[in-house]
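Working notes, structure below.
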Amino acid sequence: MATLLELKDSRTHFCTFDGIVKASDGVSFHIDEGEVLALVGESGSGKSVTARSIMGLYSGSKIRQSGSIVFKGEDLSKANPQRRRELRGRDMGMIFQEPMSAFDPLSSISEQMVEARLTHFKESREEARALAIESLRQVGIPEPEKRIDDYPHRLSGGMLQRVLISIAIMNKPKLLIADEPTTTLDVT
């Protein structure tokens, strides 16, 4: 199998008033296409920081990143922000552990899901909405035709987590990062 993702000595350090925080330090692993890998560690060990580093969610003068993150042969540490945005949501998806803070409270679920689709695919809003409804159905959202027009505050944490999962899988990414994806899920 071909290598999908490879990290070599990946480091993400944060510059704070108290000094350098080595949030993720010297992480190395690879994932082949079709393979599942679990990062296991105590709270604060850098799992989420590693996931967010892979997705390219850290930037700015207070962040120090080194090592390499190679996705499908492309060194993402050398990719510009536009290229990282192209990959995020299409080729690489992420299910965040905090659904309450992952959504824009001023936009409906429909607006956010349709935007996530149309950012990467040329299709009509109606086609994107139909796909979003089907994706919500796949993750067990009851009455997805109605719920899609709700705003995030109308859904429970468990329902929002399902919507996050739905958004992450809707575009069929080659790499799916799940950062404690079941933390707020209900038992249904």
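All residue numbers for the sequence shown refer to our numbering, where the first residue is 205 and numbers rise by one. Virtual Cβ for every residue (Gly too), placed ideally from N, Cα, C. This one's a predicted model, so the numbers in the text were calculated from it and none came from an experiment.
Continuous beta strand (DSSP E) stretch holding residue i: start and end
i: residue 404; result: There is no way to answer for residue 404, as the model of the chain reaches only from 205 to 392.
i: residue 313; result: Taken as a continuous stretch (DSSP letters only), residue 313 belongs to no beta strand (DSSP E), being part of the alpha helix (DSSP H) at 313-322.
i: residue 269; result: 267-275
i: residue 362; result: No beta strand (DSSP E) holds residue 362; the alpha helix (DSSP H) holding it covers 361-374.
i: residue 258; result: Residue 258 -> not in any beta strand (DSSP E); alpha helix (DSSP H) instead, spanning 251-259.
i: residue 264; result: Where residue 264 is concerned, there is no enclosing beta strand (DSSP E), given that its DSSP letter is neither H nor E.
i: residue 297; result: 296-299
Beta-carbon spacing of residue i, residue j below 8 Å
i: residue 211; j: residue 231; result: yes
i: residue 322; j: residue 374; result: no
i: residue 317; j: residue 381; result: no
i: residue 229; j: residue 206; result: no
i: residue 348; j: residue 294; result: no
i: residue 260; j: residue 251; result: no
i: residue 253; j: residue 227; result: yes
i: residue 329; j: residue 340; result: no
For residue i, the nearest candidate out of the options (CA to CA)
i: residue 383; options: 234, 220, 239, 247; result: 247
i: residue 271; options: 358, 258, 249; result: 258
i: residue 213; options: 234, 338, 239, 267; result: 234
i: residue 324; options: 291, 359, 342, 250; result: 291
i: residue 357; options: 222, 309, 267, 281; result: 309
i: residue 220; options: 227, 244, 242, 266; result: 266
i: residue 249; options: 225, 241, 327; result: 225
i: residue 320; options: 354, 223, 372, 345; result: 372
Contact belief for residue i with residue j at Cβ below 8 Å, rounded distance in angstroms
i: residue 216; j: residue 269; result: 5 Å
i: residue 360; j: residue 342; result: Not quite, the Cβ-Cβ distance comes to about 18 Å (not below 8 Å), so this is no contact.
i: residue 296; j: residue 379; result: 5 Å
i: residue 280; j: residue 289; result: 12 Å between Cβ atoms; not a contact.
Delimiting residues of the alpha helix (DSSP H) encompassing residue i
i: residue 210; result: Not the alpha helix (DSSP H): residue 210 falls in the beta strand (DSSP E), residues 207-220.
i: residue 345; result: Where residue 345 is concerned, there is no enclosing alpha helix (DSSP H), given that its DSSP letter is neither H nor E.
i: residue 380; result: Premise fails: residue 380 lies in the beta strand (DSSP E), 379-382, not in any alpha helix (DSSP H).
i: residue 290; result: 285-291
i: residue 303; result: 303-306
Is the region 362-381 in contact with the region 295-308, if contact means three or more CB pairs nearer than 8 Å?
-> yes
Using 8 Å as the threshold, is the region 274-285 in touch with the region 309-324, meaning 3 or more CB pairs across them?
-> no
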